[in-house]
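Input: a single structure, listed below in structure tokens.
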């Protein structure tokens, strides 16, 4: 085997249902560490340790991180929010890990990147020998194979992510080496290595004590005609594994990471505690992802901006990437916030968007957006530039399509739709939507029934800037003869509505990544019919074929034009109103050293923070961290 592991693929775990507006600071102190003039080239930032410990700084070795909402769950496979991903990164281990500092993947449980066969179809991993489960038993290839099978099993309730495992043809283990395994792929794909960095390994003997999945092959799971109805053992296993308790009952959580979930009071906080005598504490030279300096990491859920300001004002919070631009600006412009906190504004790959239901049932949801003219008209009516100015105070990049302008494959030919009432009016008239009764609401006869353009608009409840955004959009589109019915919904409930396609239009955000784009999860038709993330119903056989081609094209010079073609089709069809990618606000209290703020998710490596009062100042102590201004 030859050893080669090109940087390929992107894995965007899930829609970020906790919308985050990230923006500029508005600060006045020109000598402060804060970035006052945000550059398009800002990447990772390493912050020098504070030289003075102020008397009012707490000596507790605890990090309190601000959050706007709960994870959907902490199940090993069946979940889909950014918050869940963050917790699993601290409580679980992966074969490979997302390296948000170097914008790559790196070994986690694997002792090195895989050996790759000359045909790029066989990937051989060897696990480190010192990694153990909490019961003291070794993490072995058996656990990794079980994780792969559990994700691929047709009975596992993980429709959002199942597509990332469908290329696995087989996994080979070695009787003479319990730590070695080879993943055999059906075809060469850009995602064949990096998908492993987003799915945690979990213990076979805990989640499958009878070793049921060992009786089944990937060939069986890959066979669309595989009949599970007669597989009693498999059905019984899946029934237990899909039980929501495995992601919500803390007594049932079982991961190998350095932290455990000690407490979870929904709507208030989620508390992680450092495990005693964890295997990572015995490593002679741990990297930043293997450290566990804080004794506790508390995720404190605070949605109200006034409460957020009070908590930061009293130094009750240590870190956040979730503040609205307005809240951050008020904090920085008043009091002694900058005395106690570092704040950096960084680029990020995420973007805010509005999804339009392209396949309404015509009953529960009227046929508003099955017509591209109406979708495009709505794009002209949504005042994105005004939203950027008001909601993010100008600290955001306009989006025209699903790929960040930071990425090489970004299609520079796409032009964001301007706020143009005349253009919207023309398109709506052409589509047959006119105001026949003079009430300023357009209407149309559909299947013999007069239908008004009264459109349900769903979005996450509880965040002020999200609600303000919805109101601004409602007022703007009314000028075009469209009435929006605002429906704020709790984040996890909103996700359920989207998976059932129960909406006219909705607002959310997508957490992208630094690696080449793989369009399957969001845009392939199978991600619509199977409960994946193609909530809007985009696509056809032509776009499916293009997506399938993109993911098997390894040569970037050939893949990028294909990706740009896909972006053009999405732009022309307007399944989303692509709004903006806002600058992320990375905030960390100065009592912690080892601060690095990244523009890739999650933004802050919380387990790597050192309490200066305990560990001392070590300016520039973050290993392998570089500031990239390329």
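In this note's numbering, the protein residues as written are 1 to 630.
Each residue gets a CB set at the ideal place from its N, CA and C atoms; glycine is no exception.
For residue 90, the uninterrupted alpha helix (DSSP H) run begins and ends at 82–91, by DSSP.
Between residue 178 and residue 131, the beta carbon gap of about 12 angstroms keeps them out of contact (Cβ cut-off 8 angstroms). Straight across, the Cα-Cα distance linking residue 422 with residue 492 is about 38 angstroms. Per DSSP, the unbroken alpha helix (DSSP H) holding residue 430 starts and ends at 421–430.
In this structure, DSSP gives residue 457 an extended state, which the three-state scheme calls strand. A residue is called buried when at least 16 other Cβ atoms come within 10 angstroms of its Cβ; residue 214 does not meet this threshold and is exposed. The beta-bridge partner set that DSSP reports for residue 344 consists of 586. Residue environment: residue 449 is assigned as exposed (fewer than 16 neighbouring CB atoms within 10 Å of its CB, all protein chains considered).
Three or more Cβ pairs closer than 8 angstroms define a contact, and the segment 147–159 falls short of that threshold against the segment 267–277. Comparing alpha carbon positions, the residue from 149, 115, 162 closest to residue 527 is 162. In the DSSP assignment, residue 397 falls outside any alpha helix (DSSP H) and within the unbroken beta strand (DSSP E) covering 396–398. A check of alpha carbon separations from residue 184 across 199, 173, 168 identifies 168 as the nearest. DSSP places residue 153 in the coil class of the three-state scheme, outside both helix and strand.
The alpha-carbon of residue 464 is positioned some 11 angstroms away from that of residue 302. When the five nearest sequence neighbours on each side are left out, the beta carbons in the same chain lying within less than 7 angstroms of the beta carbon of residue 61 are those of 294, 295, 611, 614, in order along the chain. Short of 6 angstroms from the beta carbon of residue 305, and not among the five residues preceding or following it, lie these beta carbons of its own chain, in chain order: 327, 464.
The Cβ neighbour count for residue 209, taken over all protein chains shown within 10 Å, is under 16; the residue is labelled exposed.
Rounded to the nearest whole angstrom, the C-alpha separation of residue 128 and residue 146 is 18 angstroms.
Distances from the alpha-carbon of residue 441 to those of 474, 317, 380 put 474 closest. In the same chain as residue 584, and ignoring 5 residues on each side of it, the C-beta atoms closer than 6 angstroms to its own belong to 22, 321, 346, 348, 603, in chain order.
Between residue 522 and residue 402, the CB-CB gap stays under 8 angstroms. CA-CA distance, residue 487 to residue 354, rounds to 14 angstroms. Annotation: residue 369 to residue 508 spans about 18 angstroms, alpha carbon to alpha carbon. Distance from the CA atom of residue 234 to the CA atom of residue 107, rounded to whole angstroms, is 32 angstroms. Selection 552, 150, 223, 412 evaluated against residue 201 yields 150 as nearest (Cα-Cα). When DSSP states are grouped into helix, strand and coil, residue 548 belongs to the helix group. Look at residue 237 here: in three-state DSSP terms it is helix. 8 angstroms or more divides the Cβ of residue 343 from the Cβ of residue 101. Taking the C-beta atoms as reference points, residue 272 is found nearer than 8 angstroms to residue 262. Nearest C-alpha to residue 317 among 592, 502, 518, 85: 592. Taking C-beta separations shorter than 8 angstroms and ignoring five residues to either side along the sequence, the partners of residue 153 in its chain run 213, 216, 221, 234, 238, following chain order. For residue 194, the number of other beta carbons within 10 angstroms of its own is at least 16, and it is reported as buried.
Partner residues in the beta bridge of residue 581, as assigned by DSSP, are 397. Only residues of its own chain outside the window of five on either side were considered, and among them 108, 197, 200 have a CB closer than 6 angstroms to the CB of residue 94, listed in chain order.
Where residue 331 is concerned, the enclosing alpha helix (DSSP H) starts and stops at 325–333. When secondary structure is reduced to three states using DSSP, residue 100 falls in the coil class, being assigned neither helix nor strand.
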